[in-house]
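Undergrad: Sharing a structure with you now.
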Amino acid sequence: MVRFDRSHGRAPAAVLRDLFDDDEPRAQAALLAFERSFRAAAQRFGLDLPADVADAMGKTAGSGARVCLLTMLSRRSCGEFLGLLRAADLVLCGDDAPRGFPWPDPVLTAMLRLGAADVREVAVVSATPDGVLSGYRAGARILVGLGMGSGRRPRRSLRRGATHVLDSITTIPDLVAKVSSAS
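To convert, note that position 92 of the sequence shown is 85 in my numbering; the numbers rise steadily by one, no gaps.
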């Protein structure tokens, strides 16, 4: 359970490979079962983009910033959920970068695909310590730990490496605007 708890933010394939001590056939079978279960649960219960998330994305994009959403789930796992995220300029899944969180690859891949010229102009917002670490390793100047609600990671685990720790995604557009005007 400790190994699983410490894996928040990592790609399911990497977590399962680690849990099965590099027994690749068992890890692949477990990943297939996970992906099927995830898609089935999403279809049964439905998925919707919370209004506050959509609003924050719209306001951030309205300020001139480009928005990329990163998930360590595979494209196969995400399925129809990706259609809900069309408000973003780019959506990257775990299989779109060579390595997932905590490596810098997802952030650097997003920069390349969006045509960002300078990593110091990038803000990384994550609800997981590994997501914040990924941004740090990529060289992003703004690293936001998002500690929303009681079901999310504790704020103290997000503080390490973060330049900001916020309670709500609704404050992201104000932070982006503030940092942009200070530059």
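All C-beta atoms, glycine included, are put in the ideal place defined by N, C-alpha and C.
How would you write the range of the alpha helix (DSSP H) that V46 sits in, first residue to last?
TA: That run of the alpha helix (DSSP H) goes 44 to 55.
Undergrad: Taking the alpha-carbon of F74 as reference, which of M50, R32, D15 has the nearest alpha-carbon?
TA: Closest by alpha carbon: R32.
Undergrad: Is it right to say D14 is buried, meaning 16 or more other beta carbons lie within 10 angstroms of its own, or is it exposed?
TA: Flag for D14 reads exposed.
Undergrad: Relative to the alpha-carbon of G179, which residue among A103, P99, R134 has its alpha-carbon at the smallest distance?
TA: A question about residue 179 goes unanswered here, because the residues of the chain that appear run from -6 up to 176.
Undergrad: Residue range of the alpha helix (DSSP H) that I165 falls in?
TA: Unbroken alpha helix (DSSP H) run through I165: 165 to 175.
Undergrad: Taking only runs of the beta strand (DSSP E) that begin and end inside the stretch 80 to 140, which ones reach a length of at least 3 residues, in chain order?
TA: Counting whole runs of 3 or more residues, the stretch 80 to 140 contains the beta strand (DSSP E) stretches 83 to 85, 116 to 119, 135 to 139.
Undergrad: In the DSSP assignment, find the alpha helix (DSSP H) that holds L9 and state where it starts and stops.
TA: 5 to 12 is the extent of the alpha helix (DSSP H) around L9.
Undergrad: Going by DSSP, what residues sit across from H157 in a beta bridge?
TA: Bridge partners of H157: V137.
Undergrad: Rounded to the nearest angstrom, what separates A35 and C86 at their Cα positions?
TA: About 17 Å.
Undergrad: Does the contact criterion of 3 or more C-beta pairs under 8 Å hold for the stretch 88 to 103 versus the stretch 126 to 142?
TA: Short answer: they touch.
Undergrad: Buried or exposed for G144, please, with buried defined as at least 16 other CB atoms from any protein chain shown within 10 angstroms of its CB.
TA: Per-residue confidence for G144 stands at a pLDDT of 49, beneath the threshold of 50, marking its modelled position as unreliable; the derived number appears in the next sentence. By the 10 Å Cβ count, G144 comes out exposed.
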